[in-house]
Structures are given as C-alpha cells and as structure tokens.
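Q: Number 283 in my numbering belongs to position 283 of the sequence shown; there are no gaps in the numbering. Provided herewith is a single structure, encoded as structure tokens, for subsequent inquiry.
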Amino acid sequence: MVRWSHVLTALSLVAAGVSAQAPPLAPAGAESLALVNANLVNVRDGKIVANATIVLRGGRIETVGTGAAPSGVKVLDLKGKYVLPGLIDAHTHADNFAAFRRALESGVTTVRSAGVSNYVDVGFNALVKSGTFPGPNVVTAGYHVRPQMAQEAFLGDPAYADLLTGVTTIDRMRRAVQMNLSHGVDWIKILATDRAGTADTDPRKQVYSEEEIRAIVQEAATRNVPVQAHAHGDEGAMAAVKAGVRSIEHGTYLSDATLQEMKRRGTYLDPTYTTVIDLTDAGGDYDVPALRIRGEHMLPRLRDTVVRAHKLGVMIVTGSDTGYGPASLTRIGQEVSHFVEMGLTPLEAIQSATIRNAEMLRLEKSIGVIETGFEADLIAVEKNPFDTITTIQDPLLVISNGRVGLDRLNFAR
Ligand SMILES: [Zn+2]
1 MVRWSHVLTA
11 LSLVAAGVSA
21 QAPPLAPAGA
31 ESLALVNANL
41 VNVRDGKIVA
51 NATIVLRGGR
61 IETVGTGAAP
71 SGVKVLDLKG
81 KYVLPGLIDA
91 HTHADNFAAF
101 RRALESGVTT
111 VRSAGVSNYV
121 DVGFNALVKS
131 GTFPGPNVVT
141 AGYHVRPQMA
151 QEAFLGDPAY
161 ADLLTGVTTI
171 DRMRRAVQMN
181 LSHGVDWIKI
191 LATDRAGTAD
201 TDPRKQVYSE
211 EEIRAIVQEA
221 ATRNVPVQAH
231 AHGDEGAMAA
241 VKAGVRSIEH
251 GTYLSDATLQ
261 EMKRRGTYLD
271 PTYTTVIDLT
281 DAGGDYDVPA
291 LRIRGEHMLP
301 RLRDTVVRAH
311 KLGVMIVTGS
321 DTGYGPASLT
331 RIGQEVSHFV
341 EMGLTPLEAI
351 QSATIRNAEM
361 LRLEKSIGVI
371 ETGFEADLIA
381 VEKNPFDTIT
391 TIQDPLLVIS
401 NGRVGLDRLN
411 FAR
C-alpha cells in the first residue's frame with residue numbers, strides 16, 4: 001500500500017531540490033535585528049567605523065550608527081568582526097534550491113543569471129521576493145540567446161518553435177529576445193563568440209555580427225533591458241561593445257583597442273577568472289583533458305586582459321560562472337582575491353563585488369552598500385579585508401533581505 005504522506009514528502013523534497021543537510025526554511029518576513037560591536041566597512045571610501053551598530057527592520061537597513069541597540073530587537077554581537085555589503089555574483093547558472101543556498105552561504109546575496117532553462121531564475125527570485133527564501137535575489141536572464149538555443153525553451157513556448165532550426169537571422173534574434181522578455185527577464189544574455197567550456201568549439205570564433213547584436217540590443221531596449229555578451233575572442237567582443245551591450249562576460253583575448261572602447265562607453269568587464277582556473281585543474285565544474293589544455297593557455301591571456309583593463313580604467317565586476325553544483329570550486333570570494341593578485345587594490349576588488357557590480361546591475365540605489373534605506377544584505381568576516389583579502393572567502397554571517405542565511409559567529413576564534 002502506498003503511504004501518501006511519504007510520497008508527498010519525497011516529492012516535495014525532489015521538487016525543492018533540498019539536500020538532507022539543508023536547514024529548514026526560515027519563517028516568512030524579516031526579523032528586526034541589531035548588529036552591535038561591528039567593524040563596519042564603508043565600500044565607498046574604504047573607511048572602517050569601529051563599534052558600529054546596524055539596525056535591520058522589514059528587510060531594510062533602518063539605521064547605521066554607533067549607539068546602543070534599540071529595545072525590542074534581537075541583538076547579534078559581532079565582537080569586532082568586519083561587516084561588508086552582501087557580495088554580488090554577476091554570472092551564475094544556478095538553477096535549483098541547493099545551488100542558490102550554496103551561493104548564499106558563500107556570502108552572495110544577489111546573483112545575475114547568465115542563462116538557465118525553464119525560467120527558474122524568474123521563479124526563484126519570485127520566491128525570494130515573497131519571503132519564502134532569504135536569498136539570493138536573482139537578476140534574471142532566462143534563455144541564453146545563441147544560434148542553437150536550449151531545446152526545452154520551445155516546450156514552454158511552442159509559438160517560437162521556428163527558432164528551433166537556428167537563431168541565425170535578425171528577425172529570429174528579435175523573436176528570441178521577445179520570448180525572454182515575455183517572461184519578464186531583467187537582462188538578455190547573448191553569445192558573441194563561441195564557448196570555451198565545450199571541447200569542439202573555439203572561444204575565439206565570432207558568432208554574431210555587430211549589426212545582429214545591435215538588433216538584439218535595440219529589441220531588449222524596448223523594455224529598458226540591458227544585454228550581457230559572452231565573448232572571449234576580440235573581434236566578437238568589439239562587435240558586442242560597439243553594438244551597445246552593457247557587459248562583456250569573460251573577455252579572455254581582448255585587445256587594448258577593445259578595452260579602450262569599453263572605457264569610452266562605460267562597458268563593464270566580468271572576467272569570471274576563477275572558472276578559467278577551474279578549466280585548468282582537476283575536479284570542479286570542468287574535468288576534461290582537452291579543456292585543461294585549453295585553460296592553460298587561456299588563463300595567462302585572461303590575466304593579462306584583467307591587468308590591462310584595470311590600468312586603462314575599465315570597470316571590472318565579479319562573476320563566478322558556476323551553477324553552484326555539488327562539484328563547484330568557484331566562489332566570488334576567490335574572484336575578489338584573484339583581482340588583488342592582478343593589481344586591483346583590496347578596496348577596488350571589494351567594490352567589484354559590491355557597489356561597482358550594483359551600478360552595472362542598475363541597482364546602486366538598493367544594494368551594494370550598508371546605508372539607511374538599502375536592502376539588508378550583508379556579511380561578516382573574521383579579519384580586516386584590506387589587510388587580509390582572503391578573509392571574505394569565509395563569511396561567518398550572511399544576512400539577505402534582513403534574514404539570517406548563515407550564522408557561524410559562534411565558531412569564530
Ligand atoms: Zn556562463
């Protein structure tokens with residue numbers, strides 16, 4: 001005899017993608033919290049305020065000061081830990097509950113989707129907004145627009161089935177954008193050069209022309225939606241920049257001319273450096289010999305691009321390019337540390353994961369700093385990150401939308 005309660009429990013666990021270790025869902029609605037005895041890091045100017053008190057109410061930052069906690073709120077004693085804005089991951093393929101939780105536990109309180117199936121980015125963000133999950137908030141992109149789009153797109157939208165044979169004309173590119181826009185996405189993601197993570201494609205090969213990308217940018221702009229372009233090769237990247245995309249994803253082989261054009265137009269660079277390290281070593285999201293060989297020649301090129309981009313004043317942001325699956329070795333805290341190795345100051349590297357990234361997302365009035373009225377998204381770390389940048393790889397406390405997503409303060413030395 002079938003025990004329906006067991007079946008339903010199993011089904012809901014499968015549907016939720018919840019692992020056995022996942023903590024129970026927090027109650028809807030944010031608690032009122034006061035963080036006291038914090039070393040508060042101001043990511044605008046790099047100043048640190050000692051003994052700060054931060055009051056969070058209704059998912060927002062209510063006050064930032066140095067006084068005592070108000071009565072009637074739960075108090076968290078930070079004991080001198082360093083508090084920063086929640087980190088932003090501008091390039092993720094997270095597509096299930098466990099993955100989003102891994103992102104949150106790594107200190108990431110906002111992600112930008114770089115392409116997923118079945119609009120799970122739109123769905124997860126709705127659950128965060130409704131209070132079902134603390135975060136991360138998801139800036140959505142839906143399906144990656146490329147010559148061969150993921151087939152499952154057309155199970156949900158059979159009216160666009162003509163795109164199954166290829167998104168290879170301007171008319172079809174516009175329709176692919178429209179399909180995503182009809183699901184309420186915040187960004188459009190496009191393929192400007194071929195992929196690096198598949199052995200039979202060369203990432204230097206241009207995929208869409210400047211004219212084609214311009215049509216995509218114009219179509220997206222009808223809903224005020226910006227475009228992110230996957231681009232490793234220089235020609236394809238230059239075409240995307242000139243066509244008006246807002247961010248270049250990866251950028252491995254960018255020339256000075258392209259970087260100068262990005263500087264002139266204010267195009268952001270999201271190098272996803274840590275995932276190219278993952279190509280070069282065992283395990284992780286990529287564990288394929290051919291990609292390991294490719295990664296070994298890509299990595300120094302990308303490193304050189306980031307160094308030159310920084311010197312030229314191109315705005316650089318953090319993205320992981322991981323789906324935060326169980327094998328993933330890629331985290332935003334590592335990306336920030338690598339940026340410091342490549343010449344960014346610790347403050348610039350932290351800005352790339354906070355205020356600078358918020359500007360790219362056009363969310364600089366709601367996230368990216370710890371100030372009155374902003375979303376209550378913040379993390380606490382053990383050490384002063386300006387002295388020890390790697391400290392942000394190990395958040396001890398993560399609060400997203402005013403709700404505690406991770407609390408390891410008691411384990412801190
Ligand atoms: Zn990606």
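Even for Gly, the Cβ is constructed at its ideal location relative to N, Cα and C.
Determine the direct distance from the alpha carbon of ASP278 to that of GLN334, and round the result to whole angstroms.
A: Residue 334 sits at position 334 when you count from the first residue of the sequence shown. Residue 278 sits at position 278 when you count from the first residue of the sequence shown. Roughly 12 Å between the two C-alpha positions.
Q: Following the continuous beta strand (DSSP E) through GLN351, name the residue where it begins and the one where it ends.
A: Taking the sequence shown and counting its residues from 1, the one referred to as residue 351 is at position 351. Taken as a continuous stretch (DSSP letters only), GLN351 belongs to no beta strand (DSSP E), being part of the alpha helix (DSSP H) at 346-352.
Q: For the alpha helix (DSSP H) containing ILE355, list its first residue and its last residue.
A: For the purposes of this step, residue 355 is taken as residue 355 along the sequence shown, with counting starting at 1. It spans 355-360 - the alpha helix (DSSP H) in which ILE355 sits, taken as one unbroken run.
Q: Does the beta-carbon of HIS91, which I'm using as the reference point, lie nearer than 7 Å to any heavy atom of ligand 1?
A: The sequence position of residue 91 within the sequence shown is 91, counting from 1. Yes - ligand 1 has a heavy atom lying nearer than 7 Å to the Cβ of HIS91.
Q: Does the beta-carbon of PHE339 have 16 or more other beta-carbons within 10 angstroms, so that it is buried, or is it exposed?
A: Reading the sequence shown from its first residue, position 339 is the one you call residue 339. When all chains shown are included, PHE339 counts as buried.
Q: Under the three-state reduction of DSSP, which class applies to ARG331: helix, strand or coil?
A: Position 331 of the sequence shown holds residue 331. It is coil, neither helix nor strand.
Q: Between the Cα of GLY67 and the Cα atoms of LEU76, ASN51 and VAL381, which residue gives the shortest distance?
A: As a first step, residue 67 is located in the sequence shown; it is residue number 67 there, counting from the start. Per the Cα distances, ASN51.
Q: Enumerate in chain order the residues of its own chain whose CB-to-CB distance from SER255 is below 7 Å, with the five nearest sequence positions on each side excluded.
A: In the sequence shown, the residue the question calls residue 255 occupies position 255. Result list for SER255: ASP234, in chain order.
Q: Spell out the partners DSSP gives VAL177 in its beta bridges.
A: Your numbering for residue 177 matches position 177 in the sequence shown. Partner(s): none; VAL177 has no beta bridge.
Q: Taking the alpha-carbon positions, what's the PRO346 to PRO300 distance?
A: Walking along the sequence shown from the start, residue 346 turns up at place 346. Walking along the sequence shown from the start, residue 300 turns up at place 300. Approximately 21 Å, taken between the alpha carbons.
Q: Measuring straight from C-alpha to C-alpha, what distance separates ARG214 and LYS242?
A: Locating residue 214 in the sequence shown gives position 214, where the first residue counts as 1. Locating residue 242 in the sequence shown gives position 242, where the first residue counts as 1. If you take the alpha carbons of ARG214 and LYS242, they lie about 8 Å apart.
Q: For the putative contact between LYS189 and VAL145, defined by C-beta atoms under 8 Å, what is the C-beta separation to the nearest angstrom?
A: Along the sequence shown, read from residue 1 onward, the residue named residue 189 stands at position 189. Along the sequence shown, read from residue 1 onward, the residue named residue 145 stands at position 145. That pair is a contact at about 7 Å.
Q: My assumption, with CB atoms under 8 Å, is that PRO395 sits in contact with VAL381. Please give the rounded CB distance.
A: Translated into the one-based positions of the sequence shown, residue 395 becomes position 395. Translated into the one-based positions of the sequence shown, residue 381 becomes position 381. 6 Å between Cβ atoms; contact.
Q: Taking ARG264 as part of the alpha helix (DSSP H), name the residues at either end of that continuous run.
A: Residue 264 sits at position 264 when you count from the first residue of the sequence shown. Segment 256-265, the alpha helix (DSSP H) holding ARG264.
Q: Nearest to GLY142 by CA position, among ILE61, THR132, PRO134 and PHE124, is which residue?
A: Within the sequence shown, numbered from 1, the residue matching residue 142 stands at position 142. That would be PHE124, whose Cα lies nearest to the Cα of GLY142.
Q: Would you please state the rounded distance, in angstroms, between the beta carbons of ILE355 and VAL336? I believe it to be under 8 Å.
A: Your numbering for residue 355 matches position 355 in the sequence shown. Your numbering for residue 336 matches position 336 in the sequence shown. So it is not a contact: roughly 13 Å between Cβ atoms.
Q: Extract the residue ranges of the beta strand (DSSP E) inside the region 98-177, only unbroken runs of 3 or more that lie entirely within it.
A: Taking only runs of at least 3 residues, the beta strand (DSSP E) segments lying wholly in the region 98-177 are 108-113 and 137-139.
Q: Buried or exposed: where does ILE399 fall if 16 or more other Cβ atoms within 10 Å of its Cβ makes it buried?
A: Here residue 399 refers to the residue found at position 399 of the sequence shown. With 16 or more Cβ atoms within 10 Å of its Cβ, ILE399 is classed as buried.
Q: What separation, rounded to the nearest whole angstrom, lies between the Cα atoms of GLY102 and LYS205?
A: Indexing the sequence shown from 1 puts residue 102 at position 102. Indexing the sequence shown from 1 puts residue 205 at position 205. According to the sequence shown, residue 102 is Arg rather than Gly. Approximately 33 Å, taken between the alpha carbons.
Q: Who are the Cβ neighbours of LEU164 in its own chain at under 6 Å, not counting the five residues just before and after it?
A: In the sequence shown, residue 164 corresponds to position 164, counting from 1. Excluding positions up to five away in sequence, the list reads PHE154.
Q: Among SER106, LYS311, ASN357 and ASP285, which one has its Cα closest to the Cα of ARG408?
A: Translated into positions along the sequence shown, residue 408 becomes position 408. For ARG408, the nearest C-alpha among the options comes from SER106.
Q: Any residue with its C-beta under 5 Å from a non-hydrogen atom of ligand 1 counts. Can you list them all in chain order?
A: For ligand 1, the selected residues are ALA114 and ASP321.
Q: Does ARG408 come out as helix, strand or coil in the three-state DSSP assignment?
A: Residue 408 sits at position 408 when you count from the first residue of the sequence shown. ARG408: coil per DSSP, three-state reduction.
Q: How close, in whole Å, do the beta carbons of LEU378 and PRO85 come, if the pair is a contact with beta carbons under 8 Å?
A: For the purposes of this step, residue 378 is taken as the residue at position 378 of the sequence shown. For the purposes of this step, residue 85 is taken as the residue at position 85 of the sequence shown. Right, their Cβ atoms sit about 6 Å apart.
Q: Is it the case that the CB of GLY142 approaches a heavy atom of ligand 3 more closely than 7 Å?
A: Summarising the ligand content, the structure contains ligand 1 and does not contain ligand 3.
Q: Taking the alpha carbon of THR63 as the point to measure from, which residue in THR305, VAL43, LYS81 and SER32 has its own alpha carbon closest?
A: Locating residue 63 in the sequence shown gives position 63, where the first residue counts as 1. Checked all of THR305, VAL43, LYS81 and SER32; the closest Cα to THR63 is SER32.
Q: With C-beta atoms as the reference, is ALA231 less than 8 Å away from THR198?
A: Residue numbering aside, residue 231 sits at position 231 when the sequence shown is read from its first letter. Residue numbering aside, residue 198 sits at position 198 when the sequence shown is read from its first letter. It is not a contact, given that the beta carbons lie outside the stated cut-off.
Q: How close, in whole Å, do the beta carbons of ARG172 and ALA376 come, if the pair is a contact with beta carbons under 8 Å?
A: Mapped onto the sequence shown, residue 172 falls at position 172. Mapped onto the sequence shown, residue 376 falls at position 376. That belief does not hold up - the Cβ atoms of ARG172 and ALA376 are roughly 43 Å apart, past 8 Å.
Q: Which residues mark the beginning and the end of the beta strand (DSSP E) in which HIS91 is found?
A: Position 91 of the sequence shown, counted from the first residue, corresponds to residue 91. HIS91 -> beta strand (DSSP E) spans 87-92.
Q: How would you label ILE293, buried or exposed, when you count the other beta carbons within 10 angstroms and need 16 or more for buried?
A: Counting from 1 along the sequence shown, the entry for residue 293 is found at position 293. Under this definition ILE293 is an exposed residue.
Q: Taking ALA98 as the reference, give the member of ILE350, LEU397, PRO326 and GLU364 with the closest Cα.
A: Here residue 98 is taken as the residue at index 98 of the sequence shown, counted from 1. Residue PRO326 is the option with its Cα nearest to ALA98.
Q: Taking the DSSP output, what are the residues bridged to LEU35?
A: For the purposes of this step, residue 35 is identified with residue 35 of the sequence shown, where counting begins at 1. Beta-bridge pairing links LEU35 to ILE54 and LEU76.
Q: Return the chain-ordered list of same chain residues with a C-beta closer than 6 Å to the C-beta of ASP416, the five sequence neighbours on each side being excluded.
A: Here the chain comprises residues numbered 1 to 413, so residue 416 is not present and cannot be evaluated.
Q: Please classify PHE411 as buried or exposed, where buried requires at least 16 neighbouring CB atoms within 10 angstroms.
A: Locating residue 411 in the sequence shown gives position 411, where the first residue counts as 1. By the 10 Å Cβ count, PHE411 comes out exposed.
Q: Is THR275 helix, strand or coil when you go by DSSP?
A: If you number the sequence shown from 1, residue 275 lands on position 275. Here THR275 sits in helix by DSSP.
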